[in-house]
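Scroll down for the structure; my scribbles are underneath it.
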Amino acid sequence: MTAITTAAPAAAETSRNLTRTLLIGLLLLAAALPFLVGKSGFISNFTFLQLSLMIVYAIAVLGLNLLTGFNGQISLGHGAFFAVGAYTAAILIEHCGVNYWLTLPAAALICFVVGYLFGLPALRLEGHYLALATFGLAIAVPQMLKYKHLEPLTNGVMGINLLKPDAPFGLPLSGDQWMYLVVLVVAVAMFWMARNLLNSRPGRAMVAIRDHTLAAGTMGIDTSRYKATVFGISALYVGVAGALHAIIFEFVSPDSFRFELSIAILVGAVVGGVASLPGAVIGGIFVQFIEKYADAMTKKLTQAIHLPLELQPWTLYGITLIVLIYVMPGGIAGGLAALWARLRRPKSG
Amino acid sequence: MAPLLEISGLRAYYGATEALHGLSFSIAQGGITTLLGANGAGKTTTLRAISGLVRREGSIVFDGRPIDKMATEDITRLGVAHVPEGRGTFVGLSVEENLKIASYGRRDKSGVRRDLDLVFTYFPRLKERIAQQAGTLSGGEQQMLAISRALMLGPRLMLLDEPSFGLAPLIVQEIFQIMRRINEEAGVSMLLVEQNAALALNLAENAYVLETGNVVMAGPSAELKNDEGIRKSYLGY
Ligand SMILES: Nc1ncnc2c1ncn2[C@@H]1O[C@H](COP(=O)(O)OP(=O)(O)O)[C@@H](O)[C@H]1O
Ligand SMILES: [Mg+2]
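One line per chain: the protein sequences are A and B, in this order. What the first sequence shows, in my numbering, is residues 46 to 394, in sequence order. What the second sequence shows, in my numbering, is residues 2 to 238, in sequence order.
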């Protein structure tokens, strides 16, 4: 007994240090990637764009994760905040000539306020009703962007075209490589802030509210204010992701942000692993790659195993989803953690 | 001495449905009072009304202060600690975090440390499990945690909603003994809701019996216990 209690924290400490070293190494490598590749074309600009999008979706999934995974509020409408963030960036760049860096805090602020204000009345809604209300948001916002009187700002269904920023200081990087770095740095900062939030008192209060709202109230936590604030923070994350998306994709239009985007973010959160930061990264990968390539993979798979029938485009995606949910109810991050724990458990005893 | 808690004409609502129809009762300083009644009588709702967790009307005066318009977190800060029905464990947090959450709103750091020591003298088992995920505790341990969490608020009045529910008799005995110690040693007054009338009447000095949102019987526990008519018709044992 005593042996376990003294050995366990030390082992946990070692494992945590190892994880941290690995993580920092990985991030440095990721940051060095565009410099190593340079103009050699060994990794195409298109691939850098894909990687950037993956990271952007990871930020968005993290945002939803804070709300759903750590605070217990469900949203089927976070694509709406993604759209608001994207349009904030696009309009500021297009109409006001604002530097793209500055559009990020602007999108963050606006989405926080919008999210907070939406979160306030949503406090009265529980579970399914909240899901429906947020779904309404996902449906309404793209339509509102097409609104005639907003056209001078939004350019209606045509959307807004942007120009990808060049790398500054004469750095030997393409626009895509540079923006990949920008996205990476922003993502690291936002994950780091999320981690600090979750390890703080307010973070514990968020989880307490998720686990038992009434009991959290009896512990002196202002549950209403917390829930609305977390809604705002969650929207802030998704809004920054949207702004980055607009900049790297060089285009926004109402149809880029249809309600499917909201569902994709939610699926990413669940598949990656709800209430898990690594899960958000996995979720971002899932949103970008599995979703975008489900069609191509369906075709390849059909040919590879000589399937006598033609699979419809979304078949593989659907099957993957069902299998994942059954096999790993805690998402991929949860599944990997369970597997890791089983491997590490000593065989004897 | 003025009562610690004085309630008159208390009504409470779930949506448009009135669940309490004008209750009046009071709790003396320092004592234990029990609220008895069948399932659905309104016991839980009464505690929730005191804590501001349901919409309510009427007068609730705690220690000379009206609290019937106050928000839950402010009532908590005045020293009313609610141990909710079903224990309300924060399953995703550790035992330590469950305990610390209660003290977030408190400014007196030395008081927090003193109360944490107090908790561990009452429930040494929680000290052994301090780093454990609270969701993995047994039912009895979770009830101990719920009471400890309430203690961490530094309360003057504790509202306990069926602390015996679903627990083995031996554990219940242990917990009720500690509740008595908390009352006597730490001077915490208690309003105890129980379905197990015999158990509650042994601990409490005074009792109120609820029936469909009304007080139908009140008196010292000893009297209620010894009156066979009351026992048979209201307490069911
Ligand atoms: N969340 C709720 N929504 C609507 N009605 C409720 C709710 N909780 C309790 N009630 C109703 O209020 C009345 C009192 O319930 P409650 O206070 O839980 O009784 P007790 O704790 O004595 O068993 C019952 O008629 C019950 O059906
Ligand atoms: Mg009850």
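We put the CB at the ideal spot given by N, CA and C, even for glycine.
Cβ neighbour criterion (16 or more within 10 Å) applied to residue i
| i | result |
| --- | --- |
| residue 85/B | buried |
| residue 59/A | exposed |
| residue 174/B | exposed |
| residue 87/A | exposed |
| residue 393/A | Here the model assigns residue 393/A a pLDDT of 46, short of 50, so the residue's position is not dependable and the matter cannot be decided. |
| residue 355/A | exposed |
| residue 222/A | buried |
| residue 167/B | exposed |
| residue 97/A | buried |
| residue 235/A | buried |
| residue 70/A | exposed |
| residue 115/A | buried |
| residue 245/A | exposed |
Closer than 7 Å: residue i CB and nearest ligand 2 heavy atom
| i | result |
| --- | --- |
| residue 213/B | no |
| residue 195/B | no |
| residue 45/B | yes |
| residue 162/B | yes |
| residue 86/B | yes |
Proximal residues of chain A, C-beta to C-beta of residue i below 8 Å
| i | result |
| --- | --- |
| residue 52/B | 262 and 263 |
| residue 103/B | 264 and 265 |
| residue 146/B | Simply none; closest approach about 11 Å. |
For residue j and residue i, the rounded distance between their alpha carbons
| i | j | result |
| --- | --- | --- |
| residue 190/B | residue 242/A | 37 Å |
| residue 224/A | residue 136/A | 19 Å |
| residue 388/A | residue 157/B | 50 Å |
| residue 161/A | residue 171/A | 17 Å |
| residue 310/A | residue 190/A | 20 Å |
| residue 58/B | residue 320/A | 39 Å |
| residue 219/A | residue 163/A | 39 Å |
| residue 30/B | residue 154/B | 18 Å |
| residue 46/A | residue 210/B | For residue 46/A, the pLDDT reaches just 35, beneath the cut-off of 50, and the residue's location in the model is therefore unreliable, leaving the point undetermined. |
| residue 176/A | residue 229/A | 31 Å |
| residue 119/A | residue 185/B | 45 Å |
| residue 84/A | residue 103/A | 27 Å |
| residue 52/A | residue 62/A | Confidence in residue 52/A is poor, its pLDDT being 49 and thus under 50, which makes the residue's placement unreliable; the coordinate value appears in the next sentence. Their backbone Cα atoms lie some 16 Å apart in a straight line. |
| residue 208/B | residue 217/B | 11 Å |
| residue 192/A | residue 100/B | 52 Å |
| residue 187/A | residue 301/A | 9 Å |
| residue 49/A | residue 383/A | Confidence in residue 49/A is poor, its pLDDT being 40 and thus under 50, which makes the residue's placement too unreliable to answer from. |
| residue 132/B | residue 374/A | 25 Å |
| residue 259/A | residue 49/B | 9 Å |
| residue 329/A | residue 232/A | 11 Å |
| residue 199/B | residue 227/B | 11 Å |
| residue 360/A | residue 315/A | 19 Å |
| residue 124/B | residue 179/A | 44 Å |
| residue 56/A | residue 143/B | 28 Å |
| residue 75/B | residue 193/B | 21 Å |
Partners in chain A for residue i, counting only beta-carbon separations shorter than 7 Å
| i | result |
| --- | --- |
| residue 217/B | Result: empty, since nearest Cβ-Cβ is about 27 Å, beyond 7 Å. |
| residue 73/B | 262 and 263 |
| residue 98/B | 249 |
| residue 225/B | What residue 225/B touches in chain A: nothing, since even the nearest Cβ is about 29 Å away. |
| residue 119/B | Under the 7 Å cutoff, chain A gives no residues; its nearest Cβ is about 17 Å from residue 119/B. |
| residue 21/B | What residue 21/B touches in chain A: nothing, since even the nearest Cβ is about 17 Å away. |
Within chain B, the residues that residue i reaches when beta carbons sit closer than 7 Å
| i | result |
| --- | --- |
| residue 11/A | Past the boundaries of the shown model lies residue 11/A; chain A is included only from 46 to 394, so the question cannot be answered. |
| residue 259/A | 54, 85 and 89 |
| residue 246/A | 105 |
| residue 253/A | 91, 94 and 102 |
Residue i: CB within 7 Å of a non-hydrogen atom of ligand 1
| i | result |
| --- | --- |
| residue 167/B | no |
| residue 40/B | yes |
| residue 174/A | no |
| residue 246/B | The requested residue 246/B is not part of the displayed model; chain B covers only 2 to 238. |
| residue 15/B | yes |
Contact list for residue i against chain A, beta-carbon separation under 9 Å
| i | result |
| --- | --- |
| residue 78/B | 265 |
| residue 126/B | Simply none; closest approach about 15 Å. |
| residue 150/B | 260, 263 and 264 |
| residue 154/B | 263, 264 and 265 |
Listed by chain order, chain B residues near residue i by CB distance under 9 Å
| i | result |
| --- | --- |
| residue 256/A | 89, 90, 91, 92, 93, 94, 135 and 136 |
| request: Give, in chain order, every residue of the stretch 181 to 199 of chain B whose Cβ lies closer than 9 Å to some Cβ of chain A. | output: Those residues of the stretch 181 to 199 of chain B that come within reach of chain A (Cβ to Cβ, closer than 9 Å) do not exist; the list is empty.
| field | Contact set between the stretch 312 to 329 of chain A and chain B, restricted to residues whose Cβ is under 9 Å from the partner | value | So the close ones are 320.
| Near-chain B residues of the stretch 272 to 294 of chain A (beta-carbon distance less than 9 Å), N- to C-terminal order | Using a CB distance below 9 Å, no part of the stretch 272 to 294 of chain A faces chain B.
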